[in-house]
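Read the structure below first, then the notes.
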DNA sequence: CTTGACCTTCCCCTGACTGGAACCCTCATA
DNA sequence: TATGAGGGTTCCAGTCAGGGGAAGGTCAAG
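Protein chains in written order, with the working numbering: chain A, 5 to 133; chain B, 5 to 133.
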């Protein structure tokens, strides 16, 4: 398969696939004309990466996960720990964003949103209370 | 004030303050020795920026917000609209992260987390069902 | 033979900083 | 007077995960 084929079948842009080769996540062969030549196993890896990235794992996490996936003698505890640490980070981000949302919601609610200049949003940002 | 003073009083690292000058958000004067020389109004702006960034506004949003803050004839509707657009983005991010959290939570729950290799997390990532 | 779709490498760009090197300024102390 | 600590300055490079686009090679169809 050429890169366009694996791109459409894996759901990843060709640019991203080249980048993943660059950083050593996949190692496709080359045809005589210099084109990358992807095996089914490469496609499988790319789909794996696509799903892991969609779950928010970093590239380095993905590298580790692929290593665990290919290691027949892995312990599921190692995978679970990685996933739990990632989950904790996601929950931290959610909490941060929710705090922003709550503050912003209050400010927006208090703002008339008309043609007058008086605005509690700017008042808050400027430190007035 | 020197940069160290405004850094501790505004809550922003000195590096960040230099960066904000670089991109034109603030324009401190210079002393004879070449040091940046900050007025109270600069400190006020930096604190404004610090709070706006903490609410997740982008630098470009902050630039707009500062402009509105300094424009005595602004309409609060303009501020409100910016804030509402930002709120919508935050809510989108929260929804994305919650979806990740939920999926990840299910996978983690199903993983024994012991020394055996069998792992539903890897199974899911690899596309098996 | 040409056209258009595909592929290649290469380099720069993103946001919002952060780290570090190399150097300058000021003040207190030995 | 030398020196050392603790400010400050500029500039360069790196972060993360790719995206955009240029310049050029390859291939199948008409």
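Cβ coordinates follow ideal geometry from the N, Cα and C atoms, glycine included.
Just so you know, these numbers come straight off a predicted model, no measurement behind them.
The alpha helix (DSSP H) enclosing residue i, as first and last residue numbers
{"i": "residue 66 of chain A", "result": "63 to 74"}
{"i": "residue 54 of chain B", "result": "44 to 58"}
{"i": "residue 101 of chain B", "result": "80 to 113"}
{"i": "residue 11 of chain B", "result": "7 to 14"}
{"i": "residue 25 of chain A", "result": "18 to 26"}
beta-carbon residue i near the ligand GDP non-hydrogen atom, thresh 7 Å
{"i": "residue 32 of chain A", "result": "This structure lacks the ligand GDP, and indeed carries no ligand of any kind."}
Neighbour flag for residue i against chain B, beta carbons, 8 Å
{"i": "residue 105 of chain A", "result": "yes"}
{"i": "residue 97 of chain A", "result": "yes"}
{"i": "residue 110 of chain A", "result": "no"}
{"i": "residue 34 of chain A", "result": "no"}
{"i": "residue 87 of chain A", "result": "yes"}
{"i": "residue 8 of chain A", "result": "no"}
{"i": "residue 60 of chain A", "result": "yes"}
{"i": "residue 51 of chain A", "result": "yes"}
{"i": "residue 69 of chain A", "result": "yes"}
Whole-Å CB distance - residue i paired with residue j, under 8 Å assumed
{"i": "residue 112 of chain A", "j": "residue 91 of chain B", "result": "6 Å"}
{"i": "residue 27 of chain B", "j": "residue 50 of chain B", "result": "With a Cβ gap of about 13 Å, residue 27 of chain B and residue 50 of chain B do not count as contacting."}
{"i": "residue 81 of chain B", "j": "residue 117 of chain A", "result": "5 Å"}
{"i": "residue 52 of chain B", "j": "residue 10 of chain B", "result": "Not quite, the Cβ-Cβ distance comes to about 13 Å (not below 8 Å), so this is no contact."}
{"i": "residue 16 of chain A", "j": "residue 66 of chain A", "result": "Residue 16 of chain A to residue 66 of chain A, Cβ: 12 Å. No contact."}
{"i": "residue 135 of chain A", "j": "residue 94 of chain B", "result": "Because chain A in this structure spans residues 5 to 133, residue 135 of chain A falls outside the shown range and cannot be described."}
{"i": "residue 121 of chain A", "j": "residue 76 of chain B", "result": "6 Å"}
{"i": "residue 125 of chain B", "j": "residue 84 of chain A", "result": "7 Å"}
Per-residue contacts from residue i into chain B (C-beta, under 9 Å)
{"i": "residue 76 of chain A", "result": "121"}
{"i": "residue 13 of chain A", "result": "Here the premise fails: no neighbours, minimum Cβ distance about 12 Å."}
{"i": "residue 80 of chain A", "result": "115, 116, 117, 118, 119, 120, 121, 122, 123, 124, 125, 126"}
{"i": "residue 101 of chain A", "result": "60, 94, 95, 97, 98, 101"}
Which residues DSSP lists as bridging residue i, in chain order
{"i": "residue 120 of chain A", "result": "Looking at the DSSP assignment, residue 120 of chain A forms no beta bridge with any residue, so it has no partner."}
{"i": "residue 34 of chain B", "result": "B:40"}
Below-8 Å beta-carbon distance, residue i vs any chain A residue
{"i": "residue 42 of chain B", "result": "no"}
{"i": "residue 125 of chain B", "result": "yes"}
{"i": "residue 29 of chain B", "result": "no"}
{"i": "residue 94 of chain B", "result": "yes"}
{"i": "residue 55 of chain B", "result": "yes"}
{"i": "residue 16 of chain B", "result": "no"}
Interface partners of residue i on chain A, CB under 7 Å
{"i": "residue 83 of chain B", "result": "115, 123, 125, 126"}
Contact list for residue i against chain B, beta-carbon separation under 8 Å
{"i": "residue 73 of chain A", "result": "126, 129, 130"}
Within chain A, the residues that residue i reaches when beta carbons sit closer than 8 Å
{"i": "residue 91 of chain B", "result": "105, 108, 109, 112"}
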